[in-house]
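Engineer: Under my numbering, the first residue of the sequence shown carries the number 1, and numbering increases by one thereafter. Just so it is clear, CB atoms sit at the ideal spot from N, CA and C, and this is done for glycine as well. Let me begin by handing over the structure; questions about it come next.
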Amino acid sequence: APDVLRQRLVEGVEAIARRAETIGVALGFEPEPGMLVESVGDFLDLRAAVASPALGLTLDLGHCLLTEIDAPEKVVHRVAPMLVNVHAEDMRRPTHEHLAFGLGEMSFGPILAALRDVEYGGLVGVELSRDGHRAPEVAKAALAYLRAAEREAA
1 APDVLRQRLV EGVEAIARRA ETIGVALGFE PEPGMLVESV GDFLDLRAAV ASPALGLTLD
61 LGHCLLTEID APEKVVHRVA PMLVNVHAED MRRPTHEHLA FGLGEMSFGP ILAALRDVEY
121 GGLVGVELSR DGHRAPEVAK AALAYLRAAE REAA
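Printed below as a string of C-alpha cells:
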C-alpha cells in the first residue's frame, strides 16, 4: 500500500501545485520524521514526480539532525534554490522532540551562516510546539539565543 499512498500524495500535491502556479503562490512542503515524506531525499523525489515550480521546501532544521546524513548547514546549501520557509528549534538524536535553544545538539552559528551564504530572505520561524503556554518568555530567550548565534556566524 505504500505505492498507493505515494500516488495519492503525488496526485494531491500536483493538484494544489497547479492551482498555486496559476495564482502565484509558493508552496512549502515540510518533510516530517516518521511520515511518508520524512527526509529531504523523499521531498526531492516528490518534487520530481510533481514537476511544479510552485513546490518548494519548508526545511525544519531539527528534522535534519534526525533524517539527514549531512549537517543542517550542508543541507541548507543543497536545497537553497527551493527553500521557501525554515523552522528552527534545538533537537537531540534520536528523539523527535522540539527543544528550546541550547538544550540539544544543534549548532546554530554555522546554520545561520549557511542561510546568509545562500541569501535566504524568508522566514525563520521558531517551532517550539510544546511551549505555547509560555510563549512570550520562550520567544524572548529564542531571539537572544539566535542573535548570539548570528554574532558567532559573522
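Look at the alpha carbon of ARG151 and the alpha carbon of ALA15, and state the distance between them as a whole number of angstroms.
Structural biologist: The residue given as residue 151 occupies position 151 in the sequence shown. The residue given as residue 15 occupies position 15 in the sequence shown. Each residue's alpha carbon lies about 43 Å from the other.
Engineer: Is VAL40 closer than 8 Å to VAL79 when the C-beta atoms are compared?
Structural biologist: In the sequence shown, counting from the first residue as 1, residue 79 sits at position 79. In the sequence shown, counting from the first residue as 1, residue 40 sits at position 40. Yes; because the gap between Cβ atoms is below 8 Å, this pair is in contact.
Engineer: Please report how far the alpha carbon of HIS63 lies from the alpha carbon of LEU44, in whole angstroms.
Structural biologist: Residue numbering aside, residue 63 sits at position 63 when the sequence shown is read from its first letter. Residue numbering aside, residue 44 sits at position 44 when the sequence shown is read from its first letter. About 15 Å.
Engineer: Quick test of the definition: if touching needs 3 or more C-beta pairs under 8 Å, does the segment 5-25 touch the segment 65-77?
Structural biologist: Result no; under three Cβ-Cβ pairs closer than 8 Å.
Engineer: Specify, as a first and last residue, the run of the alpha helix (DSSP H) that HIS77 falls within.
Structural biologist: Mapped onto the sequence shown, residue 77 falls at position 77. Start and end: 72-79.
Engineer: For the beta strand (DSSP E) that ARG92 lies in, which residues bound it at each end?
Structural biologist: As a working note, residue 92 is residue 92 in the sequence shown. Element bounds for ARG92: 90-92.
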